[in-house]
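For what it's worth, our numbering labels the leading residue of the sequence shown as 17, then goes sequentially. Glycine residues also receive a C-beta, built at the ideal position from the N, C-alpha and C atoms. In what follows, a structure is listed as structure tokens, so that the remarks can point back to it.
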Amino acid sequence: RKVPEALDQLGQRLITELNRIAQETSLDAHCDGVAYHPNLTFQADNPAEQRQLTTLFIQEMAKRGCHGYTSFYTNASQDDEVLQQTLAAAREVFGLLAEARADGRVEALLECDLREDFFRRLVD
Numbered sequence: 017r018k019v020p021e022a023l024d025q026l027g028q029r030l031i032t033e034l035n036r037i038a039q040e041t042s043l044d045a046h047c048d049g050v051a052y053h054p055n056l057t058f059q060a061d062n063p064a065e066q067r068q069l070t071t072l073f074i075q076e077m078a079k080r081g082c083h084g085y086t087s088f089y090t091n092a093s094q095d096d097e098v099l100q101q102t103l104a105a106a107r108e109v110f111g112l113l114a115e116a117r118a119d120g121r122v123e124a125l126l127e128c129d130l131r132e133d134f135f136r137r138l139v140d
């Protein structure tokens, strides 16, 4: 099945396409990292705004059937259909985030608690 090559190709396509969509929607975001575990980062003026953007991304992607975080774990069961679903959802969500940020209503769109840093709760 050539799993390592498949994961590399899937991850590289995800990184490339998410960066292209961010540019097209004028969202200040960047996807990078190793291909089997890409990571999406939202550029923000302060940590609070970055947490809000990240939380809103997670919330809105979940509404579109894509559950997860800003880190993506690729696996051998994912195919082009899964990638296309993720990219279609990301296009909608990136557009929403860009508009909300421009209008100053990111926080108002949140329907859940802010995402916590995974290890922060262990050391506070």
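Assuming contact is defined by CB atoms lying nearer than 8 Å, are residue i and residue j in contact in what I supplied?
i: L113; j: T71; result: no
i: Q80; j: E108; result: A quick correction: the sequence has Arg, not Gln, at residue 80. Result yes, Cβ atoms of R80 and E108 sit closer than 8 Å.
i: T90; j: G49; result: no
i: F110; j: P54; result: no
i: N35; j: C47; result: yes
i: V19; j: A92; result: yes
So residue i is in the alpha helix (DSSP H); what residue range does that whole segment cover?
i: Q100; result: D96 to D119
i: L126; result: No alpha helix (DSSP H) contains L126, which DSSP labels as neither H nor E.
Buried or exposed: which applies to residue i, given that a residue is buried once 16 or more other Cβ atoms fall within 10 Å of its Cβ?
i: R1; result: Summary: the structure shown does not reach residue 1, with the chain confined to residues 17 through 140, and so no result is reported for it.
i: T32; result: exposed
i: A38; result: buried
i: V122; result: buried
i: R117; result: buried
Check the C-beta distance from residue i over to residue j and give it rounded, since I have them as a contact under 8 Å.
i: A51; j: D95; result: The pair is not a contact, with the Cβ atoms about 16 Å apart (cut-off 8 Å).
i: A105; j: M77; result: 5 Å
i: F73; j: T86; result: 6 Å
i: Q68; j: L126; result: 7 Å
i: C128; j: Q66; result: Not really, about 16 Å apart at Cβ, beyond 8 Å.
i: C82; j: Q100; result: 11 Å between Cβ atoms; not a contact.
Item to check | Segments assigned beta strand (DSSP E), at least 3 residues, entirely inside the stretch 22-92 | outcome: 45-48 and 55-58
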